[in-house]
Amino acid sequence: MTFLVMAALVIGSTSVVFAADKVDDTVKSTLVTTAEGLTDAIVQLKDEEIENYMSSGDDFTTSAMQSWQTSKDELGAKKDSNGETTVTFKDDQYTVTVPLKFEKADANFVYVFDSQGTPTSMSVDVQYGMGKTLQRAGLNTLMGIGTVFVMLILLSLLISLFRFIPNPEAKKAAEAKAAKAAKEAEAAAIAQTAPAQAEENLADDGELVAVIAAAIAAAEGTTTDGFVVRSIRKVKRNRR
């Protein structure tokens, strides 16, 4: 028997007219009895029974079992009620909150009923103390910071891999730069070689003049001290 059927049996056993705009005492009493009865039955379930109810098929039972299964380890065993069960009506729905005390923490079992009094969903709202809340907040902060650092590391690794990606434009620019540098080096080498060759030619001319002067001096039996080497320039004259 699913919890939806159980709730229907509880509600159907009383003659109730559900109000459209407010919660009267009869409706409130019926909803409170239904919600508290469902809560007492749910908190006593074993793991095997929870699994069986989860495979029952109806949406309410499945959602109720899933909500309790994810919260029961945080709460521990039930100790006592933690105040009065409240009923509110809004948007054609009744919300019933059953507060309970457990070994590890307090919790509110929140039920939603449609306008006909049929339960549609149930959730377990664990009420953490200040210490537990701060602890969870600290853990969430650490997880957030850790996630940011991991993302930054991955981004840095990704950026470092960009240099291995071929870049045709950069390759062409590097080749053009190398060719320009080679041409400039060649031009500089030519510029440095030209004065050296000119000086070498002048030195050769001086040696030639010295040899000729020595030959003339030897033929005439004189020395080369009085010789003056002059350049000969050919002058063109007009013929008459």
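According to mature numbering (1 follows the signal peptide of the UniProt record, and there is no 0), the residues represented by the sequence shown are -19 to -1, 1 to 221, in order.
Beta carbons are placed, not taken as given, at the ideal position from N, Cα and C, and that holds for glycine.
Note to self: Taking 7 Å as the threshold (C-beta atoms), are residue 105 and residue 74 in contact?
What the structure shows: no
Margin query: Going by DSSP, what residue range makes up the alpha helix (DSSP H) through residue 40?
Written below: 40 to 56
Item checked: Nearest-angstrom Cα separation, counted from residue 57 out to residue 72 -> 34 Å
Check: Mapping DSSP to helix, strand and coil, what is residue 92?
Finding: strand
Notebook entry, point to check: In angstroms, rounded to a whole number, what distance separates the CA positions of residue 102 and residue 143?
Noted result: 52 Å
Note to self: Closest to residue 87 by C-alpha separation, out of 17, 9, 48 and 59, would be which residue?
What the structure shows: 59
Checklist line | residue 5 versus residue 89: straight-line alpha-carbon distance, rounded | finding: 23 Å
Next item on the list: Indicate whether the contact test is met: 3 or more Cβ pairs, each with one atom in the region 43 to 57 and one in the region 20 to 27, closer than 8 Å.
Entry: yes
Next item on the list: Label residue 41 either buried or exposed according to how many other C-beta atoms from any shown protein chain fall within 10 Å of its C-beta, with 16 as the threshold for buried.
Entry: buried
Margin query: On the CB-based measure, 16 or more other CB atoms within 10 Å of its CB, does residue 100 come out buried or exposed?
Written below: buried
Next item on the list: Look at the alpha carbon of residue -3 and the alpha carbon of residue 8, and state the distance between them as a whole number of angstroms.
Entry: Low confidence applies here, because residue -3 scores a pLDDT of 47, under 50, leaving its location unreliable; read the following figure in that light. Going by the C-alpha atoms only, they are around 7 Å apart.
Checklist line | As assigned by DSSP and simplified to three states, the class of residue 75 | finding: strand
Margin query: Quick check: what's the CA-CA separation for residue 12 versus residue 84?
Written below: 26 Å
Next item on the list: Classify residue 70 as buried or exposed, calling it buried when 16 or more other Cβ atoms lie within 10 Å of its own Cβ.
Entry: buried
Margin query: Quick check on the DSSP output: the beta strand (DSSP E) that includes residue 61 runs from which residue to which?
Written below: 59 to 62
Notebook entry, point to check: In three-state DSSP terms, what is residue 173?
Noted result: helix
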